[in-house]
Each structure stands twice: as C-alpha cells, then as structure tokens.
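Asker: Dropping a structure here in structure tokens format, bear with me for questions.
2 protein chains.
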Amino acid sequence: MKQTVDMGKASGTTTRRPGRPVGGQLEVGREQVLDAAERVIAREGAGASIDAVAHEAGVTKPIVYDRVGGRADLADALAERLSDRMVSASAAAIATEPGLTRESLTRFIQASLEVVGRNRNLFLYVTGGTTDQTALGRLKLAERSTTPMTSVLAQWRTGQGQDPDVAQAWAFGIVGMLQMVSLWWLTQDERPADVVAAQIADLLWHGLPGAIPGP
Amino acid sequence: MKQTVDMGKASGTTTRRPGRPVGGQLEVGREQVLDAAERVIAREGAGASIDAVAHEAGVTKPIVYDRVGGRADLADALAERLSDRMVSASAAAIATEPGLTRESLTRFIQASLEVVGRNRNLFLYVTGGTTDQTALGRLKLAERSTTPMTSVLAQWRTGQGQDPDVAQAWAFGIVGMLQMVSLWWLTQDERPADVVAAQIADLLWHGLPGAIPGP
DNA sequence: GAAGGAAAGTTACCAACAGTAAGTAATCTG
DNA sequence: CAGATTACTTACTGTTGGTAACTTTCCTTC
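Given below as structure tokens:
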C-alpha cells in the first residue's frame, strides 16, 4: 500500500480535476463513501483505515471527513445502516402473524443472526473498537435497535396495566444478548443459526425456571 | 508531555540505573504494571496510552511490553481482573441460599451492576475499543465470565435430563445482556441499580410471556 | 582479580493513522 | 476577462503502538 504516488502532475491521461461538478457526472456523496467503507471492511476486515476507505471511494481523505466526519461518525453511520438492516429483517420475520409466539421469536432471533452472518466484518467493525470512546458508541448503535423494541414492549406493558418503565431496560438487555450471542456464534462454525436461535428464544420465552426447576 | 529530555547524560544525582535487581528492592512486575494501568484508566479514562501506563508504573514502555505484552494483552489481562471481580461478587450475592430464586437472581445482577459502577472507566476500557480486533477480545472477556455460568447451567440441564448444549449459548446471552444493561445503566444517573436489577431479573425469570400475554 | 557473559533497562527510532491547513484548478458571476 | 466561489488535492502535524540497538550492572569463571 501507500503507492508513493506523490508527484503532482503524472496520472497519464484524464486526471480527475477539481472544481465544480463536471456536470451530470457521478458525484461522490455521503452514500457513496459509506458504500465504499462497507466494501473495504467486508474485503479487508474490521481494521480498515480512513485512507483505505477514501481510496476505495476514489477520493482523498479530506473528502471523507467532509462527507461523513471523523472515524467515530463513520462508525456511527455504518452502525445505523447495520442496525436498520437487522431491525427490518427481524421485523419481516415476525410480520407473518400478529402477536408474539415462541416460533416468531425464534424467527426474529434467527433473522438477526443471519444479518450478522452476512455482514460479518461490518458487525465486527461496528461493535468492535475503533476510537477511544467506542463503548459509548456501541451504546448508540444499540439505542437505534432498541427504539422500536422499547415502544412495542412499553405498549404491551401499558396494555396490561403494568409499569412500562421496564421496557427500555428489557430492550437494551435483549439487544445486548443478541449482540453477544451473534459474536459468539460467528466464532462457532458448524453451529446452525436456527439451533442457536431456538435456544435463545427458549430462554427469553420461558425464562430460567421454565427449564430449571427451583430447589 | 514529551518532556524532550533526550540528552544522554544529564539527570543530576541518582539516576535509576539498569542492571541486575538492586537487591531486596522493589521490583516492577506484571502485577504492578497492571495496577498502574488500572490507576491510570480510573483517573484519566478509557483512552489511556501504553506510555501513560508505563509512566504511572515508573518504568519505560518496553518494560510494559515485556511484562504484559501489547495493548491487546493488556486489555485481556484487565478484562480478566474485572470479570473475576464480577464473578466473585455475583457468586457471593447468591451464596446465601441454595438454589436459584428470583430474589437471588436480582442480587446477582445487582452485584454485577455495582462492580461495573465501581470500575466505570475500567469497564469502558475493557468493553470499549482499543485495538482493531476488539470485538473478539470482548468475546474473550465474556468467555471468562461465562465459564462458571455455563457449567452451572449445564449441570442443571443434565440434572433434568435435558440437552445441556444450550448452556453455553445461554451463558453468553446472559453475559451480553448484563454487559449492555450495565453500559446503558452507566449513562442513566439517578436510576438505582436495584431497580434495574429487579427489572432484568423479571425478564430472565419469567420470560417475555410471563409479563406479556399472547394474542 | 580481570575477562566474558547474561540480565535488565533505557534511549531512540519506525510505521501507521487520525485529523487538518494550505494550495490549486475548474466554474460561475459580473 | 477579473475576481469570487467551489471543490478537491497535496502535504503536513501529532500521537501512539511496537521494536531494535545500545548501555549499564551484576555474576561467574579462569
């Protein structure tokens, strides 16, 4: 890498030249930069640098900073994408029937796992460390996933006259459970997603004493 | 910082000199370096550098590398310390009675939360990002916490003639839930740990339909 | 008791990377 | 055609993880 292409002129024929947009040509906007970041991360792993992202997008570093901000903002934006993907896949998995059953919960979890499996490196990039204040960044990612879950849970609780205050804690707990299980599952090849999903659904559905009799 | 003290001689009077250990004097071993790392992190936050750790320990950087290895190893070692602290606090909280009840589960979770609260920055350092492969490092931390939990769960499952294979997935799930809830709780001041612990215990004990009636 | 070796550390360095300032080429406006 | 504006690039700074090479002391052996 690094190429050492520093001499000002060079670049043979038609150089990409500064100035106003060429006209109706392809511009490199925020979305293109994020797409490029996803490609680099998918290809080269979670350790991708801003330079690598810029190169993949066909631009230089300051453009990346202009379009998406610093590294924390990049991670945020990608986290947003990934959690949107997870939320919509999970929502689709339980949309076939009203209410929640053990089976639809299993599908919900399995869908979430499969999105992680399809976005392995992106998941590692987003949940893993990038900047110094990553932990709180991860919380932000989680927050996006929890928002719809929280409102559903709160609605249910309110519907039965119970304190809806638990909804937020539960949502964060469930998201954390899913994240950790996903991470663990990624390292366990040969362990089918549907089996793990069913196991976790069992726990969330029946609770601990549902399977473990007390003293 | 940086001091710019580069001139070879200097240093006035009694310089710390290399060579064999001075005798019965204090040596700087692995534990001292880890202690120093904890102090720096507690004082200055999760963004502490290796240099800062070395300085706090009164040694230079290569010593840190000799004693604990690189940054990933440092995070590992600190994760080990923190999870040991959490495991023993949690174990103590449920040791007062045999078997598991909703009340002892609540105390278990609360103890875990309180350890996190007492080691705020260390928790953020360990669960947050440091190196590029942090996500897998976090898995290792989790693994240490899950090991005792897995064996307990597996024992229970086996005792009732059920597949103990779920134990590992459940343990990772529960640890992930606790980590995320802890992280969220850290940002919510004025929310008492015992309340949150009771809420999470409710979820883990009764399961979702225990509180949310089906369609 | 001097010569050789092994410890134990320090200094000084390198490479990589996040982030930014200053310069430059095209386009638009008058 | 002059000047402002836009949009981008080059080239830099500062920090930090990690390491190589040198130095000093102590212990051993002849």
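These protein sequence lines map, in sequence, to chains S and X. Going letter by letter, the first sequence gives residues 1 to 215 in the UniProt record's numbering. Going letter by letter, the second sequence gives residues 1 to 215 in the UniProt record's numbering. For every residue, glycine included, the Cβ atom is placed at its ideal position computed from N, Cα and C. Remember, it's a predicted structure, so these values are computed and weren't measured experimentally.
So, using beta-carbon positions, are Thr-127 of chain S and Leu-183 of chain S closer together than 9 Å?
Answerer: Closer than 9 Å, so yes.
Asker: Could you please give the first and the last residue of the uninterrupted alpha helix (DSSP H) stretch that includes Ala-92 of chain S?
Answerer: Element bounds for Ala-92 of chain S: 71-94.
Asker: Could you tell me whether any Cβ in chain X is nearer than 9 Å to the Cβ of Leu-82 of chain S?
Answerer: Not closer than 9 Å to any Cβ of chain X, the Cβ of Leu-82 of chain S fails to qualify, so no.
Asker: Which residue from X:Glu-143, X:Arg-30, X:Ser-112, X:Gly-70 puts its Cα closest to that of Ala-92 of chain X?
Answerer: For the residues X:Glu-143, X:Arg-30, X:Ser-112, X:Gly-70, the minimum Cα distance to Ala-92 of chain X belongs to X:Ser-112.
Asker: In angstroms with no decimal places, state the Cα-to-Cα distance between Asp-35 of chain S and Ala-89 of chain S.
Answerer: Roughly 20 Å separates the two Cα atoms.
Asker: Does Arg-85 of chain S come within less than 9 Å of chain X when only Cβ atoms are used?
Answerer: Chain X contact via Cβ: absent.
Asker: Go ahead and pull the three-state DSSP assignment for Gln-162 of chain X.
Answerer: Looking at Gln-162 of chain X - three-state DSSP - the assignment turns out to be coil, as it is neither helix nor strand.
Asker: For Met-177 of chain S, would you say it is in contact with chain X, using Cβ-to-Cβ distances shorter than 9 Å as the test?
Answerer: Yes, contact with chain X.
Asker: Just how far apart, CA to CA, sit Arg-138 of chain X and Val-68 of chain S?
Answerer: Using only the alpha carbons, I get a separation of about 27 Å.
Asker: In whole angstroms, what separates the C-alpha of Ala-48 of chain S from that of Leu-74 of chain S?
Answerer: Spanning the two alpha carbons is a distance of roughly 11 Å.
Asker: Asn-119 of chain X to Val-195 of chain S, Cα distance in whole Å?
Answerer: C-alpha separation (whole angstroms): 36 Å.
Asker: Would you report the Cα separation of Val-64 of chain S and Val-33 of chain S, rounded to the nearest angstrom?
Answerer: Roughly 7 Å between the two C-alpha positions.
Asker: Drop a sphere of 10 angstroms on the beta-carbon of Asp-163 of chain X, count the other beta-carbons inside from all chains shown, and report buried for 16 or more, exposed for fewer.
Answerer: It counts as exposed.
Asker: For Gly-161 of chain X and chain S, any beta-carbon pair shorter than 9 Å?
Answerer: Not one chain S Cβ lies under 9 Å of Gly-161 of chain X.
Asker: If you run the structure through DSSP and keep just helix, strand and coil, what is Asp-189 of chain X?
Answerer: Three-state result, Asp-189 of chain X: coil.
Asker: Give the secondary structure of Gly-176 of chain S by DSSP, where H, G and I count as helix, E and B as strand, and everything else as coil.
Answerer: Three-state DSSP puts Gly-176 of chain S in a helix.
Asker: Pick out whichever of S:Ser-145, S:Asn-121, S:Glu-80, S:Val-40 has its Cα sitting closest to the Cα of Met-180 of chain X.
Answerer: Checking every option, the nearest Cα to that of Met-180 of chain X belongs to S:Ser-145.
Asker: Would you decide whether Gly-161 of chain X is buried or exposed? Buried here means 16 or more other CB atoms lie within 10 Å of its CB.
Answerer: Burial call: exposed.
Asker: Judging by CA-CA distance, which residue of X:Thr-158, X:Val-53, X:Val-175 is the nearest neighbour of Val-116 of chain X?
Answerer: The candidate whose alpha carbon is nearest that of Val-116 of chain X is X:Val-175.
Asker: If you follow the alpha helix (DSSP H) that Asn-121 of chain X is part of, which residue opens it and which one closes it?
Answerer: Unbroken alpha helix (DSSP H) run through Asn-121 of chain X: 120-127.
Asker: Look at the alpha carbon of Asp-84 of chain S and the alpha carbon of Asn-121 of chain X, and state the distance between them as a whole number of angstroms.
Answerer: So the alpha carbons of these two residues sit roughly 30 Å apart.
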